[in-house]
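For the sequence shown, counting from 1, position 154 maps to 156 in the working numbering; every step adds exactly one. Yeah, the Cβ is synthetic: ideal placement off N, Cα and C, and Gly gets one too. Since the structure is predicted, the reported quantities are computational estimates derived from the model, not experimental observations.
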Amino acid sequence: MNQGSIYIIPSQISNESSVNMINNHLIEIVKSLEFFIVENIRTARRFIKKLDNNKNIDKATFYLINKHNRFNFQSEILKTLTEKKNIGIISESGYPCVADPGSKILKFAHEKNIKVIPLIGPSSIILALSSSGLNGQKFSFFGYLSIDTVNRKKEIHLAQKKLIKNDETQIFIETPFRNQKTFEDLIKNCDEHLHLCCAVNLTSNDEIIHTKKISHWKKIIFKLPKQPAIFLIGK
């Protein structure tokens, strides 16, 4: 049976990112879509209008999914797809379904034999890794560290153990208001011979990408802005 597909649509990862950085194929796909699964409707509408100023955004249908609600609109999506209509999934920032709840939708799509089509675009995780100078051959994405102090320390030590044993770069993300705390906990709990990369507000005019030994970080005062950040530890 012919049916629609789900397109994975990456969005800008900073306010200063130019729409010109987005490829024409992605723009044409967005122009053709009427249905979207999004993390934030306001952000998604703004992004879509940047790509297609002539689009009547009020005629588009948005399904909302985020960490605060459940994926409870399977029947609507399946109905849309069986009517041979395509759907786009858009994250609040960057590449969808990586470190956000969208992966549940794609798992559902595969179970229903729905075609999933990833489009080319920015991922802050890959940008940070590729620019860090750390091992890009073997790496592990940890995600968010625990906010509990004891568990946080255990998680850092566990990540460090994996790094030392396997030469496997460890990647963390953090909520902007906890950037400084995460930075301080990493330099406090990691061996001094290891390297830490701080990649902040990537693709913006004031992006920060610094990789230094832990021993170096301990000697200087470094204040992180409250902007989206990726932290990486490696040899």
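Please tell me whether I59 and R47 are closer than 8 angstroms, where the distance is taken between their beta carbons. To locate residue 59, count along the sequence shown from 1; it is residue 57. To locate residue 47, count along the sequence shown from 1; it is residue 45. Yes, the pair counts as a contact, with Cβ atoms nearer than the cut-off.
Beta strand (DSSP E) runs contained entirely in the stretch 29-115, provided each spans 3 or more residues: 37-40, 63-66 and 89-92
Who are the Cβ neighbours of L188 in its own chain at under 7 angstroms, not counting the five residues just before and after it? Taking the first residue of the sequence shown as position 1, residue 188 is located at position 186. Result list for L188: I158, L198, F233 and I235, in chain order.
Among K117, E186 and F110, nearest to S217 - alpha-carbon criterion: On the sequence shown, residue 217 is found 215 positions in, with the first residue counted as 1. Of K117, E186 and F110, the residue nearest in Cα terms is E186.
If you follow the beta strand (DSSP E) that Q172 is part of, which residue opens it and which one closes it? The residue you call residue 172 lines up with position 170 of the sequence shown. Looking at the DSSP string, the run of the beta strand (DSSP E) that includes Q172 is T171 to E176.
With 16 other Cβ atoms within 10 Å as the buried cut-off, status of G247: Outside the displayed range of the chain (3 to 237) lies residue 247, so it cannot be described from this structure.
Using CA coordinates, which residue listed in L131, G6 and S16 is at the minimum distance from N207? Translated into the one-based positions of the sequence shown, residue 207 becomes position 205. The shortest Cα separation from N207 among L131, G6 and S16 belongs to S16.
Keeping to the same chain, check which residues put their C-beta closer than 7 angstroms to that of N25; ignore five residues upstream and five downstream. On the sequence shown, residue 25 is found 23 positions in, with the first residue counted as 1. For N25, where only same-chain residues beyond five positions count, the Cβ hits under 7 angstroms are I122.
Cutting at 8 angstroms between CB atoms, please list the residues of its own chain near I225, excluding the five before and the five after it. Numbered from 1 along the sequence shown, position 223 holds the residue referred to as residue 225. The displayed chain sequence assigns Lys, not Ile, to residue 225. So the list reads Q182, once near-sequence residues are dropped.
Relative to the alpha-carbon of F110, which residue among Y97, L83, K155 and E36 has its alpha-carbon at the smallest distance? What you label residue 110 is simply residue 108 of the sequence shown in a count that begins at 1. That would be L83, whose Cα lies nearest to the Cα of F110.
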